[in-house]
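All remarks here apply to the structure that follows.
Chains as they are written, first to last, in our numbering: chain S, 53 to 434; chain C, 53 to 434.
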């Protein structure tokens with residue numbers, strides 16, 4: 053079967069999604085909506101088709117050329133005695149009027165709708181690459197929005213560390229006054245502070261001791277002294293949709309020598325990456341350099357006692373309207389970094405008899421190096 | 053073209069998505085993950101294919117029969133000298149081993165992946181109905197989880213109304229001490245309280261005066277006296293993924309007679325619905341009854357001065373692992389309500405010279421009526 057992309061010139065580009073959760077649609081329209089709506093770009097003009105509920109707001113807020121009324125199209129279909137009035141029928145009707153016979157859609161376009169459109173004779177081709185490749189390279193305005201979200205993460209981090217620093221230790225547990233200090237209490241504080249900065253911090257990680265060995269474990273229960281606590285905060289701006297991403301690891305009390313060594317290795321790995329990241333470098337090379345450095349320092353990666361230990365996640369990922377987007381700093385990061393890429397650098401080490409250590413900054417790639425968007429200091433004991 | 057669903061018996065059911073944002077996948081696995089992963093159900097057994105990063109956590113937490121290692125499958129492909137090692141290649145390899153030649157997928161399955169699988173000879177059919185129809189009808193355990201989220205919404209509502217009640221009025225604006233009381237401050241409080249109940253309250257609405265006329269406007273700026281303030285809180289449990297949904301409208305100070313009448317009409321419309329909702333009734337009929345009642349009371353719906361005014365959104369929607377799911381209580385609600393449906397009942401009236409009024413409860417449909425999961429009282433002036 054020939055590759056359908058070859059020489060394909062679509063009559064239009066089409067997205068049907070909810071922009072609250074679809075970054076391409078938010079990028080194209082700068083309009084947040086919780087329910088799916090239709091976007092298409094035809095002859096350079098951006099069109100939306102909106103329900104009555106969103107019509108006025110879309111006309112005021114969306115960065116598009118035309119906002120059409122879904123109810124009006126549905127009325128036309130009814131007047132034409134059409135029996136099925138669904139999204140495929142609406143699109144078929146609109147596209148007939150505009151002589152659109154083929155569309156390019158994002159690869160995550162819903163299959164059910166694509167098949168219904170194809171049965172109506174429309175050629176629907178899924179983009180095999182990024183739908184908006186320009187999304188990877190951030191403008192100055194986008195970098196400002198990401199920086200604002202990073203400020204929210206830093207404010208949350210400061211408040212969280214203050215709570216932990218001001219706690220007291222009794223029988224190796226942390227207390228706030230007479231109450232045990234829990235991961236949940238710290239997360240609640242982080243969420244409130246991020247909200248004050250206009251950001252929503254979901255799935256914040258406050259993972260103490262062995263909880264930190266699973267990089268996606270969010271953490272729960274009473275925090276303990278003399279053990280590493282990973283704080284990973286990734287707030288999303290409620291106005292712009294851009295994300296920040298920040299991780300620190302701290303200990304209330306005394307860190308063991310081995311933990312101090314692991315922390316020093318992670319810090320050195322991150323510094324090594326920060327020194328090498330610039331336009332033209334492959335993400336994979338950065339990741340491999342850190343892995344090699346860890347190995348040289350005696351921190352091995354692989355299965356131990358049946359579980360992955362060491363450094364078994366990527367070094368970093370792009371951040372923008374999605375928290376995880378291209379490019380990758382990982383074994384899969386084959387493409388070269390470009391100026392304007394915004395990426396995390398977050399090496400970590402995880403061992404079951406030690407706990408987890410991770411440090412994460414967010415930076416912009418430049419021609420000659422990179423600019424760190426993160427200001428928050430790094431220290432282990434508090 | 054014949055309907056491909058007819059007599060279709062798939063060898064397996066397949067989902068590839070991130071369960072943080074895909075309710076079907078969360079329903080099937082009860083496992084939260086931020087990045088896409090593979091789920092398939094074959095001969096009644098549930099399988100996951102997970103990256104190293106999620107392997108251990110999935111084995112501990114996911115409600116499935118088998119958790120396979122993505123890295124292991126990728127190594128096999130490498131050993132077989134396969135050049136392309138992507139999700140389609142991984143699935144093709146697994147499905148060959150298991151003699152799976154056809155799959156049923158949800159209608160939102162990503163088109164790009166579906167087309168790549170089809171090019172490899174797999175029959176991929178998008179479900180034309182709900183992928184898990186049983187999701188619509190909630191079990192007692194699910195109703196308990198939804199109720200917990202509704203308690204979080206109520207705690208947020210109580211804190212928000214307390215802030216507004218305790219504010220003082222100066223020149224028709226609300227003040228907290230010497231500072232103006234803003235929508236943002238109230239939202240921050242709601243988010244913090246919801247978090248204390250283990251829930252994330254995103255896109256909370258605190259919309260004063262004409263801001264409330266756009267049902268999806270989240271609200272901003274200083275709150276004003278003697279005007280309706282719509283508070284719409286829909287928190288999601290961070291542990292279970294179930295949502296709550298609650299709306300109240302209040303006035304700090306004195307409501308005008310017209311506003312009192314609109315409030316009384318909305319309250320009456322809601323009561324009418326609460327009295328009629330039971331198994332067997334169509335959602336559309338409930339919606340139409342409220343519209344008729346509003347009209348009878350002199351509250352017309354339609355374009356006025358070029359904008360939609362009156363009651364121009366649905367009366368309610370299903371709530372579960374998605375905030376908006378089936379069934380509908382709206383002109384599109386053609387199917388009959390069933391015992392175990394959890395739906396909102398949220399009539400509203402919106403006029404530009406008045407502001408918005410909306411009241412929303414969340415209830416379970418029963419054989420003989422319904423059970424309200426909402427305890428929060430209803431009053432206008434505070």
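From the three backbone atoms N, C-alpha and C, an ideal C-beta is built for every residue, glycine too.
>> Please list, in chain order, the chain C residues whose beta carbon lies closer than 7 Å to that of residue 248 of chain S.
In response: 240
>> I want to see whether chain B comes within less than 8 Å of residue 376 of chain C, judged by CB atoms only; does it?
In response: Reference to chain B is not applicable here, since the protein chains of this structure are S and C.
> Going by C-alpha distance, which of S:365, S:179 and S:402 is nearest residue 476 of chain S?
Replying inline: Nothing can be reported for residue 476 of chain S, as the shown portion of chain S is limited to 53 through 434.
> When the Cα of residue 94 of chain C is compared with those of C:188, C:356 and C:118, which residue comes out closest?
Replying inline: From the listed residues C:188, C:356 and C:118, the smallest Cα separation to residue 94 of chain C is found for C:118.
> Within 8 Å (strictly less), CB to CB, does residue 62 of chain C reach chain S?
Replying inline: no
> At which residues does the alpha helix (DSSP H) containing residue 318 of chain S begin and terminate?
Replying inline: 309-328
>> If contacts are defined as beta-carbon pairs under 8 Å, then residue 335 of chain C and residue 406 of chain C qualify, I think. What distance do you get, rounded to the angstrom?
In response: The pair is not a contact, with the Cβ atoms about 27 Å apart (cut-off 8 Å).
> Given a limit of 9 Å on CB to CB distance, which residues of the segment 146-163 of chain C reach chain S?
Replying inline: If the cut-off is 9 Å between Cβ atoms, the segment 146-163 of chain C has 157, 158, 159, 160, 161, 162 and 163 near chain S.
> Out of curiosity, what's the CA-to-CA distance linking residue 260 of chain S and residue 72 of chain C?
Replying inline: 23 Å
>> Residues in the same chain with beta-carbon distance under 6 Å from residue 84 of chain S, minus the five sequence neighbours each way, listed in chain order, please.
In response: 71 and 72
>> I want to verify the contact list: residues of chain C whose CB lies under 8 Å from the CB of residue 86 of chain S, in sequence order.
In response: Within chain C, the residues near residue 86 of chain S are 255, 268, 375 and 376.
>> Give me the subset of the segment 287-303 of chain S whose CB atoms are less than 8 Å from a CB atom of chain C, sorted by chain position.
In response: Hits within the stretch, in order: 290.
> Ordered along the chain, which non-local residues of its own chain (more than five positions away) have a Cβ less than 6 Å from that of residue 228 of chain S?
Replying inline: 219
> From residue 130 of chain S to residue 124 of chain S, what distance separates their C-alpha atoms?
Replying inline: 10 Å
>> Taking 8 Å as the threshold (beta carbon to beta carbon), is residue 365 of chain C in contact with chain S?
In response: yes
> What residues from chain C crowd round residue 414 of chain S, counting only those whose CB sits closer than 7 Å?
Replying inline: Near residue 414 of chain S there are no residues of chain C at all, since even the closest Cβ is about 17 Å away, more than 7 Å.
> Between which two residues does the alpha helix (DSSP H) carrying residue 288 of chain C extend?
Replying inline: Per DSSP, residue 288 of chain C belongs to no alpha helix (DSSP H); it is in the beta strand (DSSP E), 287-289.
> Going by the beta-carbon positions, is the gap between residue 258 of chain S and residue 207 of chain S smaller than 8 Å?
Replying inline: Annotated as distal: residue 258 of chain S and residue 207 of chain S, with beta-carbon spacing of 8 Å or more.
> Any beta-carbon of chain C closer than 8 Å to the one on residue 53 of chain S?
Replying inline: A caution first: residue 53 of chain S carries a pLDDT of 42, below 50, which makes its placement in the model too unreliable to give a value.
> In chain S, which residues lie with their C-beta within 7 Å of the C-beta of residue 109 of chain C?
Replying inline: Correct list: 266, 268 and 269.
>> To the nearest angstrom, how far is the alpha carbon of residue 418 of chain S from that of residue 77 of chain C?
In response: Their backbone Cα atoms lie some 39 Å apart in a straight line.
> In whole angstroms, what is the alpha-carbon distance linking residue 396 of chain S and residue 268 of chain C?
Replying inline: 33 Å
>> Any beta carbon from chain S within less than 8 Å of residue 277 of chain C's own beta carbon?
In response: no
> With burial defined as no fewer than 16 other Cβ atoms inside 10 Å of the residue's Cβ, what is the status of residue 162 of chain S: buried or exposed?
Replying inline: buried
> By a C-beta neighbour count over all protein chains shown, 10 Å radius and 16 as the cutoff for buried, is residue 393 of chain C buried or exposed?
Replying inline: buried
> Based on the DSSP output, what are the partners of residue 433 of chain S in its beta bridges?
Replying inline: S:303
> Within this structure, are the beta carbons of residue 21 of chain C and residue 243 of chain C separated by less than 8 Å?
Replying inline: Lying before the first or after the last residue shown, residue 21 of chain C is absent from chain C, which here runs from 53 to 434.
> For chain C, is any of its Cβ atoms less than 8 Å away from the one on residue 442 of chain S?
Replying inline: Because residue 442 of chain S is not part of the residues shown, which for chain S are 53 to 434, the question remains open.
>> Output needed for residue 301 of chain C: all residues of its chain with C-beta closer than 8 Å, excluding positions within five of it in sequence on either side, in chain order.
In response: Cβ neighbours of residue 301 of chain C beyond the five flanking positions: 264, 280, 281, 282, 283, 315, 318, 408, 409, 410, 411 and 432.
> Which chain S residues sit within Cβ distance under 7 Å of residue 178 of chain C?
Replying inline: 163, 164 and 167
> Thinking just about the alpha-carbon of each residue, which of C:421, C:79, C:266 and C:293 is nearest to the one in residue 112 of chain S?
Replying inline: C:266
> Less than 8 Å separating the beta-carbons of residue 297 of chain S and residue 321 of chain S?
Replying inline: no
> Which whole-angstrom value is the C-beta distance of residue 363 of chain C and residue 262 of chain C, which I expect to be below 8 Å?
Replying inline: 17 Å between Cβ atoms; not a contact.
>> Within the continuous alpha helix (DSSP H) that includes residue 294 of chain S, where are the two ends?
In response: First-last for residue 294 of chain S: undefined, no H or E at that position.
>> Need the endpoints of the alpha helix (DSSP H) that residue 396 of chain S sits in, please.
In response: Where residue 396 of chain S is concerned, there is no enclosing alpha helix (DSSP H), although the beta strand (DSSP E) it sits in stretches over 394-397.
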